[in-house]
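Chains as they are written, first to last, in our numbering: chain A, 248 to 357; chain B, 7 to 121. A virtual CB, placed ideally from N, CA and C, is assigned to each residue, including glycine. See below for the structure under consideration.
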Amino acid sequence: GDSVTQMEGPVTLSEEAFLTINCTYTATGYPSLFWYVQYPGEGLQLLLKATKADDKGSNKGFEATYRKETTSFHLEKGSVQVSDSAVYFCALSRDDKIIFGKGTRLHILP
Amino acid sequence: DVKVTQSSRYLVKRTGEKVFLECVQDMDHENMFWYRQDPGLGLRLIYFSYDVKMKEKGDIPEGYSVSREKKERFSLILESASTNQTSMYLCASSPGASGGRWIQYFGAGTRLSVL
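Written out as structure tokens, the structure is:
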């Protein structure tokens, strides 16, 4: 069945470091791909999305590219800030369902 | 801004109690969802609804029921709470059909403890 695998956390980085959070998926057909972010004490919010191969989603300095050949949707940011500390969820959807990864907790040290 | 409001941030209940978790959205969204979030398991879909008075089972509906009498309100009901239902519960809503359904807006969550 369909699934999403993302790197285990927590990930701890210093401010201004480069961030990559890996996400790979297994799915039939052509799913849409998402990154959601959950800040402390809040619900999830959509960070970015991509709906077809080679699409790049971007928002708030974060980027992810839909790579069908490697079935991946890795999240990247060039220079992280303390305010980026949160839990990040990769997800895929087809018409009838959405599947979330288990989440990766990110800590940014000042 | 879309607002999804969950009635309680924290709840403590006893085993066997009937528990109601309420969720209200203010953007006239057709779709509403209930998830539970557990460490190491991520989000799991309990129930969802595409319209008033309709409901569909998600991945883990056992022990839960839902009610959607009005478009803006979606209630999750634990008929007889058990300790394994201690969790964070997240409500979400989304507009539209098909692919747009999964661009979701979440509430802040209700942390339920069943003693």
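Name the chain A residues that come within less than 8 Å of residue 48/B, Cβ to Cβ? 336, 347, 348, 349, 350
Residue nearest to residue 65/B in terms of C-alpha spacing, selected from 80/B, 43/B, 102/B: 43/B
Does the beta-carbon of residue 99/B have 16 or more other beta-carbons within 10 angstroms, so that it is buried, or is it exposed? buried
Suppose you measure from the CA of residue 345/A to the CA of residue 279/A; what does that come to, to the nearest Å? 9 Å
Residues of chain B with a CB under 9 Å from the CB of residue 290/A: which are they? 10, 12, 96, 97, 98, 111, 112, 113, 114, 115
Using 8 Å as the Cβ pair cut-off and three pairs as the minimum, do the stretch 79-88 of chain B and the stretch 11-28 of chain B touch? yes
Pairing CB atoms from the stretch 27-34 of chain B with CB atoms from the stretch 281-292 of chain A, are three or more of them under 8 Å? no
If you compare alpha carbons, which of 248/A, 272/A, 251/A is closest to residue 318/A? 272/A
Any idea what DSSP makes of residue 34/B, helix, strand or coil? coil
Residue 331/A, DSSP secondary structure in three states: helix
If you run the structure through DSSP and keep just helix, strand and coil, what is residue 304/A? strand
Might you give, ordered along the chain, the residues of its own chain that have their beta carbon closer than 6 Å to the beta carbon of residue 117/B, omitting 5 neighbours on each side? 16, 94
In angstroms, rounded to a whole number, what distance separates the CA positions of residue 305/A and residue 293/A? 11 Å
DSSP three-state assignment for residue 107/B, whether helix, strand or coil: helix
With a Cβ-Cβ cutoff of 7 Å, do residue 353/A and residue 258/A count as a contact? yes
Could you check whether the Cβ of residue 108/B sits closer than 7 Å to any Cβ belonging to chain A? yes
Short CB-CB distance (under 7 Å) between residue 394/A and chain B: The structure shown does not extend to residue 394/A, since chain A is modelled only from 248 to 357, so the question has no answer here.
How long is the line joining the alpha carbons of residue 71/B and residue 52/B, rounded to whole angstroms? 9 Å
Alpha-carbon spacing of residue 50/B relative to residue 10/B, whole angstroms: 18 Å
Would you give the residue range spanned by the beta strand (DSSP E) that residue 355/A belongs to? 351-356
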